[in-house]
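Participant:
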Amino acid sequence: MLRVVRLCCTLVVALLLLAGCGGGASKDGTSTKKDSSGATTIDITFKDGKVTPQGAKVEVQAGKPIKLHIVADQPGELHVHSSPEHEFEYKAGTTDESFTIKQPGVVDMESHTLDKLVAQLEVR
Amino acid sequence: MFLVPLHGLGGAKDLPIPLALAVTGATAALVVSFCVLALAWRTPRYQEVRPGRRAPAALARVVDSAAFEWTLRVVGLLFAAYVTWALIWGPDLVNNPALGTFYVLVWVGLVPASLLFGRVVRVFSPVRTINLLLAKVTGGDPAVGLTTYPARLGYWPAAVGLLAYVWQELVDPQSAFLGTVRVWLAAYLAVMLVGAAVFGDEWFERADPFEVYSNLLSKLSFWGREGDRLVLRSPLANLATVAPLPGLVAVVAVLFGSTAFDSYKDTIPWQQFVIDVGLAPTFTNTVALLVFCLLVGGTFTAAAMSTGVETTGPHAVRRSELPNLLAHSVIPIVVGYMTAHYLSYLVEQGQVTLMQLSDPMVRGDNLLGTANWSVNYWLSFHPSLLAVVKVLAVIAGHVVGVVAAHDRALRLLPARHHITGQIGMLVVMVAYTATGLYLLMGGF
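Here the protein sequences come in this chain order: A and B. All letters in the first sequence, in the order written, are residues 87 to 210 by my numbering. All letters in the second sequence, in the order written, are residues 1328 to 1771 by my numbering.
1. List the endpoints of the continuous beta strand (DSSP E) containing A:Y176.
2. Report the residue from B:A1720, B:I1750 and B:D1555 whose alpha carbon sits nearest the alpha carbon of B:A1760.
3. Any beta carbon from chain A within less than 8 Å of B:G1338's own beta carbon?
4. Do B:L1649 and B:M1665 have their C-beta atoms closer together than 8 Å?
5. Is B:F1775 helix, strand or coil by DSSP?
6. Using a C-beta cutoff of 8 Å, does A:V146 count as contacting chain B?
7. Looking only at its own chain, which residues have a Cβ that is under 7 Å from the Cβ of A:S178, when we skip the five neighbours before and after it?
8. Give me, in chain order, the residues of the same chain whose beta-carbon lies closer than 6 Å to that of A:H198; leave out the 5 immediate sequence neighbours on both sides.
9. If you measure beta-carbon to beta-carbon, which residues of the region 1699 to 1715 of chain B are closer than 8 Å to chain A?
10. If you drop the 5 nearest sequence neighbours on each side, which residues of the same chain put their C-beta closer than 7 Å to that of B:G1427?
11. What residue from A:S184, A:H172, A:K143 and A:K133 has the CA that sits closest to A:H155's CA?
12. Please classify B:E1538 as buried or exposed, where buried requires at least 16 neighbouring CB atoms within 10 angstroms.
13. Quick test of the definition: if touching needs 3 or more C-beta pairs under 8 Å, does the region 1559 to 1575 of chain B touch the region 1469 to 1482 of chain B?
14. Restricting to Cα atoms, I'd like to know which of B:A1394, B:D1341, B:N1458 and B:P1477 is closest to B:P1469.
15. In the DSSP assignment, the alpha helix (DSSP H) including B:T1680 goes from what residue to what residue?
16. Could you tell me whether the Cβ atoms of A:G191 and B:S1707 are closer together than 8 Å?
17. Using a cut-off of 7 Å between C-beta atoms, extract the partners of B:Q1598 located in chain A.
18. With burial defined as no fewer than 16 other Cβ atoms inside 10 Å of the residue's Cβ, what is the status of B:I1415: buried or exposed?
19. Within 10 angstroms of its Cβ, does B:F1600 collect 16 or more other Cβ (buried), or is it exposed?
20. Identify the contact partners of B:I1344 in chain A, using a Cβ-Cβ distance below 9 Å as the criterion.
21. Which residues in the same chain as B:V1702 place their Cβ atom closer than 7 Å to its Cβ, once the five residues preceding and following it in sequence are excluded?
22. For B:D1692, which residues of its own chain have a beta-carbon under 6 Å away from its beta-carbon, when the five flanking residues on both sides are left out?
23. I need the straight-line Cα distance from B:T1594 to B:T1465, nearest angstrom please.
24. Label B:L1342 either buried or exposed according to how many other C-beta atoms from any shown protein chain fall within 10 Å of its C-beta, with 16 as the threshold for buried.
25. Secondary structure at A:L207, three-state DSSP: helix, strand or coil?
26. Just tell me which of B:D1535, B:V1510 and B:W1550 has its CA closest to the CA of B:P1383.
27. Less than 8 Å between the beta carbons of B:F1361 and B:L1753, yes or no?
28. Assuming contact is defined by CB atoms lying nearer than 8 Å, are B:V1431 and B:L1713 in contact in what I supplied?
29. Using a Cβ-Cβ cut-off of 7 Å (strictly less than) and excluding sequence neighbours within five positions of B:G1584, which residues of its own chain qualify?
30. Going along the region 175 to 201 of chain A in order, which residues come within less than 9 Å of chain B, judged by CB to CB distance?
31. List the residues of chain A that B:I1595 touches, going by C-beta distances under 7 Å, in chain order.
32. Could you tell me which of B:V1579, B:T1586, B:H1709 and B:P1741 sits nearest to B:T1639, measuring between CA atoms?
33. Does the beta-carbon of A:E196 have 16 or more other beta-carbons within 10 angstroms, so that it is buried, or is it exposed?
34. B:D1341 versus chain A: which residues are under 8 Å apart at the beta carbon?
35. Under the DSSP definition of a beta bridge, which residues are partnered with B:R1380?
36. Under three-state DSSP, which class holds A:T138?
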């Protein structure tokens, strides 16, 4: 019985450690700004067939504007897989877009042109 | 313009559950597990199939009547025909209802349907009905094939079929296009009908991934059969009646491993890994899916066998038989995790699909009167409540699984191994639950 209790304690500690280690900071080089009204601005750069950020995690507020500042060397398409979906066509040069997501959840923003995940929006 | 996401159907996913909730849940699972081990009953309660309570005679008469059976069969067949219309003649758009029916209503919907009503796929299954009709036309017996089904195959064909389904759903980059769904379903239809012609309709109980999945889930419902008689049983007593056929471990490993993989594949580190490793993403994801399923199957097998057994006497059991004899205890864990993983998806994407079903040609029809519904996103707007429900589902599944394994272990293991012989299994189950909660936390 004592062995069972000891095993039990070991497992609790292991679990807590596992959970504690999990919360590492993300390193994605995202340039996002949040202003006092709750709006979020995300800078997205397309250059030489690459996109920055790529696979970033961005927290945004539900119902508040999400502004995209897109600088691209070639025109393309960006998809936001919320419900309803948002789709943006950008041109070579600078494009600014704005949209809102009402419903909390995790939403993928993908470059349709490059077939890559740009960011996961955590809508809270 | 309709958008096809890279990742199949459905828009937003659930927010990750909060860390504190996940840790609380995992700790609760751990404590409950060892309480069950130390304090619960010491003689098996579900050892022999306990006689169930007879279902009310009127109910049994209706359920067993040919009219009722054929009503359900016709409904199943008509629905399949309707969806086939959309599948073959409808446009290849992501809002074609064939996709939502295949991935949401059938695959996810069969979980609550089987838990509530029992073996639903068996009664609605269009392949079963087609086999019955073919037998009627040719004057044969649908139960008799060219040969009898080899018992040693057990559930292995179903495990392969389930793997084929989850591959199509989770790995196939073309999963949201009609072409691959058509091919998958054509292959399914062919394998089912040819198999039934060769082995008789026992083939469906062993090889049809949907029917096997639904039948296993129905063991957690109140409905059972004793011989031909409809009975009511407690879900725990019902669960103990799962037949430990060869391949059962493989079936539960595919179901559980694939759901874990589904959570994992959406995490940013994994997506980054797929890019960094530089191989074709389909290949990398296929390997990962297999690794998840093999990890579940392997750890479970090892844990089930990590005990002393009686080698002689009336209670002798071969160690290699233990995994299948204990595998029924993974079913509640699968249900808990499926609930956590798919609840909001079923509720919200399910509503979307019901609306789309009114417009199978995607041209603005309203054939069923559902086209103008609006989707209720209440669940998503209450993320804290949703997170609590998900964790509770995982814990409930874990507790039922642990209790089922405990009860079976008491029967299988000699008295001197009653406690120690269960530790391996408990550790593995706690690990499953902790991993599940970790993945629901977003996996970082």
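We put the CB at the ideal spot given by N, CA and C, even for glycine.
Facilitator: Taking the definition as stated:
1. H172 to Y176
2. In the sequence on display, residue 1760 of chain B carries Thr and not Ala. Nearest C-alpha to B:T1760: B:A1720.
3. yes
4. No. Outside cutoff.
5. For residue 1775 of chain B there is no data in the structure shown, the boundaries of chain B being 1328 and 1771.
6. no
7. For the record, residue 178 of chain A in the displayed sequence is Ala; it is not Ser. These residues qualify, in order along the chain: A158, D159, Q160 and P161.
8. E163 and H165
9. Against chain A - using a Cβ distance shorter than 8 Å - the residues of the region 1699 to 1715 of chain B are V1702, Y1704, S1707, F1708 and P1710.
10. L1336, Q1676, V1679, T1680 and Q1683
11. Distances from the alpha-carbon of A:H155 to those of A:S184, A:H172, A:K143 and A:K133 put A:S184 closest.
12. buried
13. yes
14. B:N1458
15. Note, B:T1680: alpha helix (DSSP H), G1677 to Q1683.
16. yes
17. G141 and L203
18. exposed
19. exposed
20. Those do not exist, as B:I1344 stays about 12 Å from chain A at its closest Cβ, beyond 9 Å.
21. Cβ within range, chain order: E1675, Q1678 and V1679.
22. In the same chain as B:D1692, and ignoring 5 residues on each side of it, the C-beta atoms closer than 6 Å to its own belong to D1686, in chain order.
23. Across the structure, B:T1594 and B:T1465 are spaced so that their CA atoms are roughly 53 Å apart.
24. Its Cβ being crowded by 16 or more others within 10 Å, B:L1342 is buried.
25. A:L207 sits in a strand when the DSSP states are folded into three classes.
26. B:W1550
27. yes
28. no
29. Here the set comprises F1619, C1620, L1622 and V1623.
30. I187, K188, Q189, P190, G191, V192, V193, D194, E196, H198 and D201
31. G141, K143 and Q206
32. B:P1741
33. It counts as buried.
34. G191 and V192
35. According to DSSP, which records beta bridges pairwise, B:R1380 is partnered with B:L1559.
36. In the structure shown, A:T138 sits in a strand (DSSP, three-state: E or B).
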